[in-house]
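These notes are about the structure you will find just below.
2 protein chains.
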Amino acid sequence: MRRVNIQEVAKEAGVSPSTVSRALNGFPGISEKTRERIVEIARKLNYRPNYRGQILTTQSTKNIGLLITDIANPFFPELVMGAEEYASKSGYTVLLGNTSESEEKETNYLDFFSRGPVDGIIISASRVSNEHIIMLAEEGLPIVVINRILEHPKISYVSTDMEKGGYLATMHLLRLGHSKIAFINGPKHSEVSQRRLEGYKKALKEAGIDYNSDLISFNVPVSESGYKEAIKLLCTGEAPTAIFTYNDVMAFGVIKAAKELGIKIPEELSVVGFDDIFFSSFTDPPLTTIKQFKEELGRMAVELLFKLMEGERESLLIEPELIIRNTTSRR
Amino acid sequence: MRRVNIQEVAKEAGVSPSTVSRALNGFPGISEKTRERIVEIARKLNYRPNYRGQILTTQSTKNIGLLITDIANPFFPELVMGAEEYASKSGYTVLLGNTSESEEKETNYLDFFSRGPVDGIIISASRVSNEHIIMLAEEGLPIVVINRILEHPKISYVSTDMEKGGYLATMHLLRLGHSKIAFINGPKHSEVSQRRLEGYKKALKEAGIDYNSDLISFNVPVSESGYKEAIKLLCTGEAPTAIFTYNDVMAFGVIKAAKELGIKIPEELSVVGFDDIFFSSFTDPPLTTIKQFKEELGRMAVELLFKLMEGERESLLIEPELIIRNTTSRR
DNA sequence: CTGTTAGCGCGTTCAT
DNA sequence: ATGAACGCGCTAACAG
C-alpha cells in the first residue's frame, strides 16, 4: 500500500532501520545530530510508518471501536461527537460501527473489533447479548457499555438513569391531570425499554392508577413506529389523552399522525419524547422531552475505557432532565 | 489481544499452521476430512484469525475509510447508510472519520487512512485540498470523492449537480415573483458553495436581474450561521423577500430567526433549503428544499471505489430535485 | 495432500 | 551510539 518504508529511509540515511525507528519515535540512545538528520530525510521522503506493521509490533492500535445502533437517529451522532472529541485529545481514533438495528451486523462488527483493529470497545447497541459482551471481555478486550447496566469485573458502564427518565415523563403527565397515558416503547428485549417501563409503572403506582398493558407497545425505535402506533391508539374509542414515546424521533411520528387525524397538540393530546435531540426544539409544536446528556455519555464512555485499559474499573449513572416545551398541557 | 492463535490450533490438530489456514479459508488442496476436523477444533477453541497478522500478509483489510464533515448534520448519516449497506454486501467494513469541520482533523484522518488500515477512501469533506487528495492517490490509494469534481486519472467522483441545484432553487423563487433573493451560502473555499452560486447567478441572469453581492454570505454550514445571517438580513431596511440557504439545517436557523422577529413564513418570507434531510418535512412550516439523493451518493461512491480498485475509473453526476413544501409562496 | 520456509513492516531485544 | 537478529500472526510460495 504505502510507498516508502523504514528500510528505504535507513538506506538513504546510511544507518540501520532500528536507528531510524529510534529517531522517529523520540527514543533515547541516539545522538541529537543523527536524529535531526534522519527526521529530515524521512520528511523529505514523505515517510510515514506503516500502520499494519506498527500495530503488529507494538500491540497497540490507538483506535477505539464504537458500536452504535442507528446513525440516522440524531441521538447517536451527538454521542459519537462526545466520544470522538475526548478520544482524539489522547491521540485515539474512533472506528464507528453502525448496525442499523440489525443483530447480525452487531455481531459482525463485534467480531471484527475483537480480532485486533482496536484497543477497546464501546457498545451503545441493544441487540447483542450480555453473554456475548462478557465473552469478549474475558478474552481480555476492554469494554465499556452505554445505557446498559452490566455488572462484571472486566466491564464498565455509563448510563442515563432510565427508570428515572420514565418516571419523570410519566409524573409530568400525571401532574397535568392525565390518567390514560400510552407508552410507545422501544424493543421489548431491550434493557432500556424495560427500565423506562419500570419508571412509568412506578409513577402510575404513586398516583394510584392501575397499570393497563393495553396502553403499552414495543417497537423498533424509528419514526414510522411512532406514527403507526399513534394511529392505532388514536382511532380506538378509548383513546389516551397523552402519549409517552421511547425516543424523540418516534414522537415526531406521533405528531405527524395527530396532525393527519386533525387532533390538536397539546390541547387534545399531550406528547412526551425521550433524548432531547437537536430537532426537538424545531418541531411544531416544540417537543416536551426527557433530556439525555448525549455528549457527556460519549465522553464518559471513553474516559472509563481509558481507565479500564489501565486496570481501573468504574461505572456511573447520569441523571436525565425533563425539558418542558409545548406538546404537553393540562387535561 | 486475542487469545488463541493459528499455531495453537495447528498443534491441537496435529498439523502445520498453513494447513489450518487452508482449511479455514476454504482454499483447495486439502482433504475434506482434515478440513472438517480442523474447522471443528478451531470452533471448539474459539479461534478467529488475528486481524493484524492477516492484513499484513494479505495486503487487504476489507475496510473502506469514509471521511465526512459533520456527523451531526443528517445529510451525512444518510450518505453513510447508503455506503455501508452496499459495502457490507461485499464483506467490507466502513471506518468512519468525522471531522467536525476541522481541517486538522481531516488531515489526521487522511494520514491515518493512508497508513494502511483501509483498502480505499471515500472523501465527503470540503476542507482538504485537491492537491493533498491527489498526492495520496498517486501513492496508490484508491480514492473516490463525493460532491467535488476532481478530474484525475487515479480518482473517481460522484456528485450532485450543484449548479443545477442552485439554479432550481433560485428559479423557483423567481417564478414566485421574488427578485430580492438572499443566498446564505456555505464555506467560501468550498467548491460546492461556488457551484451553487453559479447556478444562482445563472437563474438571475436568465430572469434579467442584476447580481448583488450584498445578498450573498459565506458561512460555516451549521444551524447557528443560518440564524445569525437571517437576523442580519431581516433587520436591514431593504430586507430580502426570499432566502436560499446552503443546507436545510441552516434553513432551520432562518425559520427560527423569522419566528423570533415575528416574520411570517411563507407570507412575508420564502425560504428554500438544500439536501432534503429527514427532518425537513417536520418543521413548521415544512421546508421547501432541493433534494440530494444521499443514500444513492453513498452507494455509488462505494461502487465506484470497488471499480477503481480493479482499475476502472468512472465518475458521475446525480441530478437534484426541487421539493416544494410550505416555506415558499408567491410574493 | 501436507509441511517447511519466507516475508509482510515494524519495534525491540541483545550485542557491539 | 548504533547495528544485527528476532518476532508479532498470518498466508503465499515452494517442496515433498
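Sequence order for the protein chains is A and B.
So for the first sequence, the working numbering puts the first residue at 165; every next one is plus one.
So for the second sequence, the working numbering puts the first residue at 165; every next one is plus one.
Don't be surprised by glycine CBs; every beta carbon is placed ideally from N, CA and C.
- For F416/A, the neighbours in chain B by C-beta distance under 7 Å run, in chain order, F446.
- Under the 10 Å beta carbon count, E467/A is surrounded by 16 or more other beta carbons and is classified as buried.
- Taken atom to atom, the span from the alpha-carbon of A289/B to that of I307/B is near 13 Å.
- DSSP, read as helix, strand or coil, puts K455/A in strand.
- Between L469/B and D412/B the beta-carbon gap is near 27 Å, outside 8 Å, which marks them as no contact.
- Excluding residues up to 5 positions away in sequence, I228, T257, V258, V466 lie with their Cβ nearer than 8 Å to the Cβ of A251/B in the same chain.
- Per the coordinates, the alpha-carbon of K423/A lies some 11 Å from the alpha-carbon of P449/A.
- With respect to V244/B, I235/A sits close: the two C-beta atoms are nearer than 7 Å.
- Straight through space, the alpha carbons of E478/A and E478/B are spaced by roughly 51 Å.
- Where S252/A is concerned, there is no enclosing beta strand (DSSP E), although the alpha helix (DSSP H) around it starts and stops at 239 to 253.
- A buried status is given to F443/A, since no fewer than 16 other beta-carbon atoms sit within 10 Å of its beta-carbon.
- Each residue's CA atom was taken as its position, placing T225/B and V282/B some 6 Å apart.
- Nearest to F276/B by C-alpha distance, out of P351/B, L230/B, L220/B, S320/B, is L230/B.
- Secondary structure of N490/B (DSSP, three-state): coil.
- In this structure, the straight-line span from the alpha carbon of L461/B to that of S185/B is close to 38 Å.
- Pairing P181/A with A174/A gives a Cβ-Cβ distance under 7 Å.
- Taking all protein chains shown into account, K455/A has 16 or more neighbouring C-beta atoms within 10 Å of its C-beta and is therefore buried.
- The beta carbon of G280/A sits closer than 7 Å to some beta carbon of chain B.
- Against chain A, the beta carbon of P385/B has no neighbour under 8 Å; the closest one sits roughly 14 Å away.
- Any Cβ of chain B closer than 7 Å to the Cβ of E459/A would place that residue at the interface, and such an atom is absent.
- Between T405/B and H353/B, the C-beta spacing is not below 7 Å.
- Excluding the 5 residues flanking it on each side, E327/A has same chain C-beta neighbours closer than 8 Å at R359, R360, E362, G363, K366, in chain order.
- Scanning chain B for C-beta atoms nearer than 7 Å to the C-beta of P317/A yields nothing, as the closest lies near 17 Å away.
- The three-state reading of DSSP puts A406/A in strand, counting E and B together.
- Straight through space, the alpha carbons of G190/A and E303/B are spaced by roughly 26 Å.
- The three-state secondary structure of Y321/A, taken from DSSP, is strand.
- Residue-level contact check: T453/A does not touch chain B, since none of the beta carbons of chain B fall below 7 Å from its beta carbon.
- Using a C-beta cut-off of 8 Å, the segment 425 to 442 of chain B makes no contact with the segment 195 to 213 of chain B, since fewer than three inter-stretch Cβ pairs fall below that distance.
- Against chain A, a Cβ distance below 8 Å from N214/B picks out R279, G280.
- Around the beta carbon of E370/B, fewer than 16 other beta carbons sit within 10 angstroms, so the residue counts as exposed.
- Between Y273/A and G284/A, the CB-CB gap reaches or exceeds 7 Å.
- For the segment 252 to 273 of chain B, the set of positions with a beta-carbon nearer than 9 Å to some beta-carbon of chain A reads S252, T257, V258, L259, L260, G261, N262, S264, K269, N272, Y273 in chain order.
- A straight line joining the alpha-carbon of P213/B with that of M335/A spans about 52 Å.
- Within the segment 191 to 218 of chain A, the residues whose Cβ lies closer than 9 Å to some Cβ of chain B are N210, R212, P213, N214, Y215, R216, G217, Q218, listed in chain order.
- Short of 6 Å from the beta carbon of R291/B, and not among the five residues preceding or following it, lie these beta carbons of its own chain, in chain order: E267, E270.
- Under the 7 Å criterion on CB atoms, E432/A is classed as non-interfacial with respect to chain B.
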